[in-house]
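Here the sequence shown stands for residues 1317 to 1445, where the numbers follow the numbering used here. Note that CB positions come from ideal geometry on N, CA and C, so glycine has one too. Computed from a predicted model, the values in this text were never measured in an experiment. Structure record follows, encoded as structure tokens.
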Amino acid sequence: MTTTTAPARSSLLRLALRLDAVVTAANGAAYLLAAPLLADLLGLPAGWLRGVGAFLLLFGAGVWAVAARPAPSAVVPVVAANALWATGSLAVAAAGTGGPTTVGTVWIVLQGVVVAGFAALQVAGLRRA
């Protein structure tokens, strides 16, 4: 019978958090740097994209910091924020808030699904840790 060590059990959690941080920060940087181009493609105001981009960069940095020492008391708020973001994304897409194009609506739904996936991986990592 083999046993799993604490570092091995927490590897899924760290991976899920780091992946979340990198993808979130990259998305934020894209929104900030390419807001005018993305505004046309997605049908969303460039100002909204810049604001969301700044938030995502900060959130990504915070998630990266949590990944360094993934205590449950720090991970649970990340999971909750991800669940809220995913739910909000679906609500925004359904309501057509901001007047997104079809591409924009699909993008909003897809990124909501990805964020929900991060939350699910983080919950699985918490259960293993």
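Just to confirm, are Leu1341 and Gly1376 a CB contact at a threshold of 7 Å?
-> Against the sequence shown, residue 1341 aligns to sequence position 25. Against the sequence shown, residue 1376 aligns to sequence position 60. With the sequence shown as reference, residue 1341 is identified as Ala, and Leu is not the correct amino acid for it. Yes, these two residues count as a Cβ contact at 7 Å.
Stretch-stretch touch, CB-based, cutoff 8 Å, three pairs: the region 1352 to 1367 with the region 1398 to 1411 = no
Grab me the residues of Val1379's own chain with a C-beta within less than 7 Å of its C-beta, minus the 5 sequence neighbours each way, in chain order.
-> Along the sequence shown, read from residue 1 onward, the residue named residue 1379 stands at position 63. These residues qualify, in order along the chain: Leu1333, Asp1336, Ala1337, Thr1340, Val1394.
What is the rounded straight-line gap between the Cα of Leu1437 and the Cα of Val1422?
-> Mapped onto the sequence shown, residue 1437 falls at position 121. Mapped onto the sequence shown, residue 1422 falls at position 106. Cα-Cα distance, rounded: 23 Å.
Which first and last residues belong to the alpha helix (DSSP H) in which Ala1350 is found?
-> In the sequence shown, the residue the question calls residue 1350 occupies position 34. First-last for Ala1350: undefined, no H or E at that position.
Neighbourhood of Asn1343 by C-beta, 6 Å cutoff - its chain only, sequence neighbours within 5 removed | Taking the first residue of the sequence shown as position 1, residue 1343 is located at position 27. These residues qualify, in order along the chain: Leu1372.
How would you call Leu1365, buried or exposed, if buried means at least 16 neighbouring beta carbons within 10 angstroms?
-> Residue numbering aside, residue 1365 sits at position 49 when the sequence shown is read from its first letter. It counts as buried.
Alpha-carbon spacing of Gly1433 relative to Pro1388, whole angstroms | Counting from one through the sequence shown, the residue named residue 1433 turns up at place 117. Counting from one through the sequence shown, the residue named residue 1388 turns up at place 72. Spanning the two alpha carbons is a distance of roughly 18 Å.
Using CA coordinates, which residue listed in Leu1349, Leu1442, Thr1417 is at the minimum distance from Ala1396?
-> Here residue 1396 is taken as the residue at index 80 of the sequence shown, counted from 1. The shortest C-alpha separation from Ala1396 is found at Leu1442.
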